[in-house]
Amino acid sequence: NTDLHPPTTATAPLVDGPALWPAQAHTPSVLGRQLVIERGEGSYIHTTDGRRLFDGTAGLWHANVGHSHPELAQAAYSQMQRLETYHTFARFTNDQAQALGERLASISPIERSKVILNSGGSDAIDVACKLARRHWQREGRPSKQLILSREFAYHGLHAYGTSIAGLEFNREGYGTESLVPETARVPVHDADALERIIHEIGADTIAAIVTEPVQGTGGVNPPAPGYLDKLQRLARENDILIILDEVITGFGRTGTMFAAERYQVDPDIVTFAKGVTSGYAPLGGILISPRLWEPFYRDSPDTPVFRHGSTYGGHATSAAVALAHLDLLEREQLIPRVRELETVLDQQLSALAERNSAVQDVRVAGLLGGVTLNENLSAERVADEIIELGFISRPLRGNTLQISPPFIISNDELIAFVNAIDEAITTEM
Ligand code: PLP
């Protein structure tokens, strides 16, 4: 716990820099060497100092259709000219949010879904956890409050996301172990350990288990064979809700619209963000199963209210952009294309692991790849070297490099990216 760490040396000189505080950074290490992006163009971005870089991470796993698509810019412009937004509280709503709700329900992996819209993935996690806890309160089982999450999990950094973080550094230093105290973490791939923990803690205290189908920030960890099946069985046997965090995987990243389909999970809540608009407008939300929404939809004076909402929940411009984006995804057949690219990525990474002795492990799921390096190399330094070669990767937990380019890339671009990773590793060896 960083609370126990000594205070920072007050005598160290201040590093001056721009007013904007860089996120998730040891500030003295990044100030003076930040890449300022001013323009995007499909799978490439341009910096203010004149570099053109292949965006091998699609930003923060968001730019699935690539950058600066004119059709999506036009959707935002047209909508803003008509109506920027109108809130969706009580009797009010707006036509774009309504239409997006219908569209998402029609592609949801949950049958007869209802939808709550908000501003991003961290928001989505907060409302998902609140709804899970509210469910058990309303069912007259108020002891079921605890939220289980997995080791190395990343669920954003709002209060719940911080509390359930399986990446411990994201939880440290806020004065208590969690901002929301009723949370606990389970091992990443071990379903038997999950079973033991549920029995130790007591299912009558557990509201939900939150899991990414493929862990992203934790190092690109696809589920171990059988893990999600067993998680699902345990959840059902023990009356524990499943919150599937599809903030990265939703809208095609693993080759199906939702990873729930690929891995045959039947969740109670799905969280989404990023890929719903490919990042063209801030938007996230949850898909909700009938078991959870029906009690709030009964025609009775004592039907409860779900107390949640925000000014931008159902933002009309974000919703209009999402609708145009889903059209584009379908028209360009980008999800089947992810399945083709998966085969190429799989071959390329297997070959890389084979030929480069500094590569410890590689993992692929759809157009998500992780390259884990031997301990004597630093993924952070290799990622810097990759940038020098004109490509972007990113160091993740576990000395791993992130591969998650836009869905629009060619086979040759993917091969060139993997070759650049290979070259950067070899330079650092
Ligand atoms: N959940 C997962 C699995 C994520 O990867 C992220 C962000 O990377 C979030 C939640 C948080 O989303 P946001 O950054 O939009 O708040």
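Numbers in full-length UniProt numbering are just positions in the sequence shown, counted from 1, shifted up by 2.
Even glycine gets a Cβ: it sits at the ideal position worked out from N, Cα and C.
Three-state secondary structure assigned by DSSP to residue i
i	result
Y46	strand
T4	Caution is warranted here: a pLDDT of 45 is assigned to T4, below 50, making its placement in the model unreliable, and no coordinate value can be reported.
L119	strand
D329	helix
A270	The amino acid occupying residue 270 in the given sequence is Asp; Ala does not appear at that position. Here D270 sits in coil by DSSP.
T90	coil
Q335	coil
R41	strand
S151	strand
T29	helix
N401	coil
H201	helix
H69	strand
A209	strand
V278	helix
T13	coil
G61	helix
Q98	helix
Q36	coil
I250	coil
D386	helix
I242	coil
L285	coil
I290	strand
A226	coil
G52	coil
T219	coil
T313	coil
L233	helix
CB of residue i within 9 Å of CB of residue j, strictly
i	j	result
L196	L233	yes
G371	Q404	yes
P224	A262	no
T164	Y176	yes
G286	S124	yes
I271	A65	no
L325	A101	yes
V346	L416	yes
L37	G19	no
G220	R341	no
R255	S406	yes
V249	G158	yes
L55	I389	yes
A226	A193	yes
N413	L343	yes
T251	G218	yes
R198	I166	no
Cβ-Cβ separation, residue j to residue i (assumed contact under 8 Å), whole Å
i	j	result
L289	S115	4 Å
I112	Y162	About 20 Å; that fails the 8 Å criterion.
F260	R339	With a Cβ gap of about 17 Å, F260 and R339 do not count as contacting.
N376	Q362	5 Å
I394	D57	5 Å
E43	S80	E43 to S80, Cβ: 22 Å. No contact.
V267	L236	So it is not a contact: roughly 13 Å between Cβ atoms.
P292	P306	That belief does not hold up - the Cβ atoms of P292 and P306 are roughly 16 Å apart, past 8 Å.
T402	V222	6 Å
K132	D206	About 20 Å; that fails the 8 Å criterion.
V190	E141	Actually they are not in contact, since the Cβ atoms of V190 and E141 sit about 30 Å apart, beyond 8 Å.
A78	A283	6 Å
Residue-chain proximity (residue i, chain B), Cβ-Cβ < 9 Å
i	result
T164	Looking at the structure shown, chain B is missing, and only one protein chain is on hand.
Does the segment 88-101 come close enough to the segment 245-259 that 3 or more CB-CB pairs lie under 8 Å? Contact between the segment 245-259 and the segment 88-101 is absent, because fewer than three Cβ pairs lie under 8 Å.
Would you say the segment 43-51 touches the segment 60-77, given that touching needs at least three Cβ pairs under 8 Å? yes
Count Cβ pairs between the segment 23-34 and the segment 365-379 that sit closer than 8 Å; are there 3 or more? No, the segment 23-34 does not touch the segment 365-379.
Any chance the segment 117-129 sits against the segment 310-327, with 3 or more Cβ pairs inside 8 Å? yes
Given 8 Å, three or more beta-carbon pairs between the segment 205-214 and the segment 134-147: yes
Taking 8 Å as the threshold, find out whether the segment 318-332 comes into contact with the segment 279-292 through three or more Cβ pairs. Yes: at least three Cβ pairs fall under 8 Å.
Stretch-stretch touch, CB-based, cutoff 8 Å, three pairs: the segment 416-431 with the segment 374-390: yes
Does the segment 323-334 come close enough to the segment 63-78 to have 3 or more Cβ pairs within less than 8 Å? yes
Between the segment 197-204 and the segment 354-363, do at least 3 Cβ pairs fall closer than 8 Å? no
Pocket of ligand 1 defined by Cβ to heavy atom distance under 6 Å: L62, G122, G123, S124, I127, Y156, H157, G158, E214, G218, T219, D247, V249, I250, A275, G286
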